[in-house]
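What follows is a short report on a single structure.
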Amino acid sequence: MNDITKFSVSDLNLFYGSFQALKNINMDIYKGKITAFIGPSGCGKSTFLKTINRMNDLIEGVTINGTVTLDGVDIYKEMDAISLRTRVGMVFQQPNPFPMSIYDNVAYGPRIHGIRKKSTLDEIVEKSLRQAAIWDEVKDKLKKSAQAISGGQQQRICIARTLAIEPEVILMDEPTSALDPISTLKIEDLASELKKDYTIIIVTHNMQQAGRISDKTAFFLTGEVIEYGDTEQIFNKPSNKKTEDYITGRFG
Amino acid sequence: MNNAGKEKMVTENAAIGNQAVGNQKDYKDLVFRTIFLLCALLSVLSVIAIITFVFTKGLKPFFGENAYSFSDFITGLKWDPGKEVYGIFYMIVGSIIATLGAIMLGVPIGLMTAVFIAEIAPKKMVAIIRPAIELLAGIPSVIYGAFGLGVIVQLIKKVSPTGQGESLLAVICVLTIMILPTIITLSESSLRAVPKSYREASYGLGASKIQTIFKSVVPAARSGILSATVLGIGRALGETMAVMMIAGNNIGGLPGSLWDKIRPLTSNISMEMSYASGRHQDMLFATGVVLFLFILVINLLLIKITSKVGAQGTKN
Amino acid sequence: MKNNQRKFKDGILQGLIYASTSVTIGILIIIIGFVLYKGLPGVNYNFLTRMWDSQTTIVDIDRNSVTGGSAEENYVESLGITIALDDGYIIIKDIKKDSPVENALNIKKVPYELKEKDVIAKADSTTFRDITAEEAVEVLNEGTGAIRLKVTRPGGGIVPMVISTVYIILLTLMIAAPIGICAAIYLNEYAKPGKVLNVIRFAIQNLAGIPSIIYGLFGMLVFVQNFKMQYSILAGGLTLSIMLLPTIISTTEETLKEVPNVYRQGSMGLGATKLQTISKIILPSALPGILVAIILSIGRIVGESAALIWTAGTVAQIPTALVGSEAGAATLTTKMYWLIKESADLESATSIAVVLLALVILLNLLSKIITKRFLRNRTGN
């Protein structure tokens, strides 16, 4: 009803050379929601995520056809990858802080987009770290290497780093797969908090996680979207037999 | 592959994709990309320039008026610029024999040392030996020449029937020493690259450590050892300064024994380059061309071996 | 029985392994021992601090009585120096504070401060030959005011070669390092498999295999003769730059390969351009490796002779220009070669070898330290 479409994907196919990794994807992703992509390994969920901010451009021999629009604008034809990626931030599977200080990590995005003023940068860094719920833990060691803190903290630094470019959408590619349960919960709380201001798409292996935090869920299998709908519906009364098998743990 | 009406987008890479939009950032990216490419192409240009210039000058004496017979040059057994006699066959023979000798001594010694470092020596010992070998690799060839002149030549003088220290034997000794680091480091890394499973399998069949090394590990590393050998050949053939000081550099005649003087191709160039002019200088370049051709063959061989090794590596 | 045979075979092979390793290490020890034994006696303060050729200059000095050392033997009060007879020559033994010889001017009125161990060959019109120190003191103290001295500063030192070596290192790296690093960036970050890449790789591999004597021929023909640079540090630097390209490119490329891909993705994911990613993330991460590449190159330059003798020459002078006759320069290594070949002076040559060995060991240590710290950082994550 009051769902506003952020991304609209139609007839999307993706090939690695001659291997078809995504088959005929049609999907609308809504603003201010958390959308979860679930499915077994190699089902295409991460590939699809990377299509949304054109990270697949970096891979050799990828062919994509179909359309993906962001707020109605075609991201492959009417937008360049750089400005797309500043609107659609990404958090990766492995925490990947750069080998520099916490401050410089978070300020990296603003700096490459031309912000030089120290006071402005300070403000952005603090705001982003607060939003990522890690400010209190690192405020005294901003000049310390971002690689010298725990994995969970590193991942939140990476989230802060993404927030600092003020994106509209945040893509999270299995952001907790390398983290311990406590850090995982912290990231999940953070995601639920962030959904007020951002549209979030999360790829996860962990079905409980999808159930806990997402509003919408899409189930992928061998490059196809088997079922897409409200999380409650997918988890409680899936309409497709394959979805049900996966949810109930009968395979995968 | 794609249905009619569907837009096909081939995203070859980000840079080209961005270029279409053409904002300033992308323009800058393109400029730098071009600079990087030009720098990379400079090495191609260098190879072409080296070949062109050296060959043009080196082939000059064999063409045009008053041309020197190429077959006299390549089969000649005497080098006497004062009499306009330029024969380099005995130099080619000298270079090849000296190189072969160095390989025959250097490869077994180097391989055995590599086996010691990679398979037998305790870690603490490796920590001493490896820097020693790196140092051996870093010593300038002039110092090897001085060492050859001050030690090896003196020793040979004492036992040689000719009473001369500068000889084929001296050259072989010094070249052997000089190629050792190359052989050792490359062999060692290829020995280390042999998967553990090979060793385990061999031990599992009741083989001893030494048997495992020589029957299982060394054969598995043979392409690496081969490329080390070829690289060693290139080094030995191209070595100039050390060799020149100890070869004797006779003006003619094939070497008959290890005690005889030789005049390797590289020596021939470096002996006379500082004062040669005219045809004499051209002839030194011609010697360079012959040397270059040998090296080119070795390079091609090496590239072929290493690319094969690389292909194997990706397959596994 | 069979087992014994096996043990016997194993024993022989093991013996060969130990023997080979001993030979390798033994050779190194003998070489170092030889160089030190023959060369070390010649390495002293003078050898390290003097010019190569002795230098004779005529200077004017305004005499001015200095009383600081009047108690000492052979003290020249009017010049504030003590002199001594050394091997038939009158040398300056000691210079007092505020001595007028500190303000000596040569004929062109350029300051030329006299130093201890300078030989005084002539004072005004008196040639100092077959003269005792006492007589010389008298001559030098004769009259007042200006005195004109002919002074010979003894040579036999390696200062010009050290400076020339440094110049050639700097020049070569200034040319080759940026080009090599940029080429490596292209190969690792931009190039896609295909014909262009194959051709470039083929060229680099070939370049790496060409012996330095061929580089020497090329450099002499093109830079020295065709470009009329004469024997000069620029001709030498350009020749060495081409020779070092493969080393710099492949070592840099190796380090670029080691930069984790997640850094690239992370940066691109934040909307950075490729160029920003390279300059802000990749190059800083690869810096230690690039440094090692540069140290390796310095080692090669220090040790190079065949490619330099016919491009930079073998004159022991401090170059004052990039091209032309003032720019010719012998490095430590080329001078060592020259000493052996042209003057059969193995002693002085090995003294230079001592310095070269020390340099090589220093460079090896430096690259070791950088690699170690770099590796520790990496595994620390």
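Protein sequence lines, in the order shown, are assigned to chains A, B and C. If you're matching positions, the first sequence starts at 439 in the numbering used here and goes up one per residue. If you're matching positions, the second sequence starts at 29 in the numbering used here and goes up one per residue. If you're matching positions, the third sequence starts at -17 in the numbering used here and goes up one per residue. Glycine included, each C-beta is placed from N, C-alpha and C at the ideal position. Treat the numbers as computed from the prediction; the structure is a model and nothing was measured.
Quiz prompt | R291 (chain B) in three-state terms, based on DSSP | solution = Looking at R291 (chain B) - three-state DSSP - the assignment turns out to be coil, as it is neither helix nor strand.
Practice problem: To the nearest angstrom, report how far apart D574 (chain A) and L580 (chain A) are at their CA atoms. | Solution: Just so you know, the alpha carbons of D574 (chain A) and L580 (chain A) end up roughly 11 Å apart.
Quiz item: First and last residue of the alpha helix (DSSP H) that includes F98 (chain B)?
Solution: Unbroken alpha helix (DSSP H) run through F98 (chain B): 98 to 103.
Quiz item: Beta-carbon of N543 (chain A) versus every beta-carbon of chain C: anything under 7 Å?
Solution: Among the CB atoms of chain C, none fall inside 7 Å of the CB of N543 (chain A).
Quiz item: Along the stretch 200 to 234 of chain B, what residues have a CB closer than 8 Å to any CB found in chain C?
Solution: If the cut-off is 8 Å between Cβ atoms, the stretch 200 to 234 of chain B has I205, L208, I212 near chain C.
Practice problem: Answer with yes or no whether the minimum CB distance from F457 (chain A) to chain C is below 7 Å. | Solution: Not flagged as an interface residue toward chain C: F457 (chain A), since no C-beta distance is shorter than 7 Å.
Practice problem: Select from the stretch 160 to 182 of chain B all residues with a C-beta closer than 8 Å to any C-beta belonging to chain C, and list them in chain order. | Solution: The residues in question are A160, I161, E162, L163, L164, G166, I167, P168, S169, V170, I171, Y172, G173, A174, F175, L177, G178, V179.
Exercise. Please state if the CB of N277 (chain B) and the CB of M301 (chain B) are separated by a distance shorter than 7 Å.
Key: Contact: no.
Quiz item: Residues of chain C with a CB under 8 Å from the CB of T600 (chain A): which are they?
Solution: Residues of chain C whose Cβ lies closer than 8 Å to the Cβ of T600 (chain A) are, in chain order, G251, L252.
Quiz item: If V241 (chain C) and A268 (chain C) are in contact, beta carbons under 8 Å, what's the gap, nearest whole angstrom?
Solution: Rounded, the Cβ-Cβ distance is 6 Å, consistent with contact.
Quiz item: Just by C-beta distance, which residues in the stretch 140 to 173 of chain C are closer than 8 Å to chain A?
Solution: Cβ contacts with chain A: none found.
Exercise. Can you pull the chain B residues whose beta carbon is under 7 Å from the beta carbon of F16 (chain C), in chain order?
Key: Listed along chain B, the residues sitting closer than 7 Å to F16 (chain C) by beta-carbon distance are F175, G178, V179.
Practice problem: Taking C-beta pairs closer than 8 Å, name the residues in chain C that M493 (chain A) reaches, listed in chain order. | Solution: Under the 8 Å cutoff, chain C gives Q247, M250, G251.
Quiz item: Residues of chain B with CB under 9 Å from D35 (chain C), in chain order?
Solution: Under a criterion of Cβ atoms nearer than 9 Å, no residue of chain B is adjacent to D35 (chain C); the nearest Cβ is some 19 Å distant.
Exercise. Can you give me the Cβ contacts of V49 (chain B) inside the same chain, cut-off strictly under 6 Å, excluding the 5 residues immediately before and after it?
Key: Low local confidence applies: a pLDDT of 40 at V49 (chain B) is under 50, so the model's placement there is unreliable, with the coordinate-based value given in what follows. Cβ neighbours of V49 (chain B) beyond the five flanking positions: none.
Practice problem: Identify every residue that forms a DSSP beta bridge with N451 (chain A). | Solution: A:N503, per the DSSP bridge assignment.
Exercise. Within its chain, find whatever has a CB closer than 8 Å to the CB of V258 (chain B); leave out the 5 residues flanking it on each side and keep chain order.
Key: Excluding the 5 residues flanking it on each side, V258 (chain B) has same chain C-beta neighbours closer than 8 Å at I326, L329, L330, I333, in chain order.
Quiz item: Exposed or buried, K515 (chain A), counting other C-beta atoms within 10 Å across all chains shown (16 or more means buried)?
Solution: K515 (chain A) is exposed by the Cβ-count criterion.
Quiz item: Does the Cβ-Cβ distance between T141 (chain B) and I212 (chain B) come in under 7 Å?
Solution: The answer is yes: Cβ separation under 7 Å.
Practice problem: Would you kindly work out how many angstroms separate the C-alpha atoms of L222 (chain C) and T234 (chain C), rounded to a whole number? | Solution: Whole-angstrom Cα-Cα distance: 18 Å.
Practice problem: My understanding is that A165 (chain C) touches I74 (chain C), with C-beta atoms under 8 Å, so please give their C-beta distance in whole angstroms. | Solution: Incorrect: roughly 55 Å between the Cβ atoms, too far for contact.
Self-check item: Nearest to K185 (chain B) (by Cα), restricted to the options B:S71, B:L214, B:D288
Solution: The residue among B:S71, B:L214, B:D288 with its C-alpha nearest the C-alpha of K185 (chain B) is B:D288.
Self-check item: For D611 (chain A) and V529 (chain A), believed in contact at Cβ under 8 Å, the rounded distance
Solution: Contact flag correct, Cβ pair sits at about 7 Å.
Quiz item: Quick one, which of B:G266, B:I207, B:Y96 has its alpha-carbon nearest I131 (chain B)'s?
Solution: Looking at B:G266, B:I207, B:Y96, the one whose alpha-carbon comes closest to that of I131 (chain B) is B:I207.
Quiz item: In chain order, which alpha helix (DSSP H) runs of at least 4 residues are fully inside the stretch 75 to 151 of chain C?
Solution: Runs of the alpha helix (DSSP H) spanning 4 or more residues and lying entirely within the stretch 75 to 151 of chain C occur at 115 to 123, in chain order.
Quiz item: Can you round the beta-carbon distance between V187 (chain B) and M269 (chain B) to whole angstroms, since I take them to be within the 8 Å contact cut?
Solution: No, V187 (chain B) and M269 (chain B) are not in contact; Cβ-Cβ is about 26 Å, not under 8 Å.
Practice problem: Could you check how far apart the C-beta atoms of I415 (chain A) and R594 (chain A) are, in whole angstroms? I think they sit under 8 Å. | Solution: In the structure as shown, chain A starts at 439 and stops at 690, and residue 415 (chain A) therefore has no counterpart that could be examined.
Quiz item: So, do the stretch 111 to 127 of chain C and the stretch 183 to 196 of chain C have three or more beta carbon pairs nearer to each other than 8 Å?
Solution: Between the stretch 111 to 127 of chain C and the stretch 183 to 196 of chain C, the count of Cβ pairs shorter than 8 Å is below three; the stretches do not touch.
Quiz item: Where do the ends of the beta strand (DSSP E) carrying Y666 (chain A) lie?
Solution: Counting along the chain, the beta strand (DSSP E) containing Y666 (chain A) begins and ends at 662 to 668.
Quiz item: Of all Cβ atoms in chain B, is any one closer than 7 Å to the Cβ of L(-2) (chain C)?
Solution: Closer than 7 Å to some Cβ of chain B, the Cβ of L(-2) (chain C) qualifies, so yes.
Quiz item: Under a CB-based cut-off of 7 Å, is A68 (chain B) close to chain C?
Solution: Contact with chain C is found for A68 (chain B), since one of that chain's Cβ atoms lies less than 7 Å from the residue's Cβ.
Self-check item: Nearest-angstrom beta carbon gap, I502 (chain A) and T489 (chain A) [assumed within contact, 8 Å]
Solution: The beta-carbon distance between T489 (chain A) and I502 (chain A), rounded to whole angstroms, is 7 Å. This is short enough to meet the 8 Å contact definition.
Self-check item: Residue-chain proximity (T501 (chain A), chain C), Cβ-Cβ < 7 Å
Solution: Residue contact with chain C for T501 (chain A): absent (no Cβ-Cβ distance below 7 Å to any residue of chain C).
Self-check item: V305 (chain C) - containing alpha helix (DSSP H), residue span
Solution: Element bounds for V305 (chain C): n/a, residue is neither H nor E.
Quiz item: Going by other Cβ atoms of all chains shown within 10 Å of its Cβ, with 16 needed for buried, is I608 (chain A) buried or exposed?
Solution: It counts as buried.
Quiz item: Should Q258 (chain C) be flagged as near chain A, meaning a C-beta pair shorter than 7 Å?
Solution: At a cut-off of 7 Å, the C-beta of Q258 (chain C) has a neighbouring C-beta in chain A.
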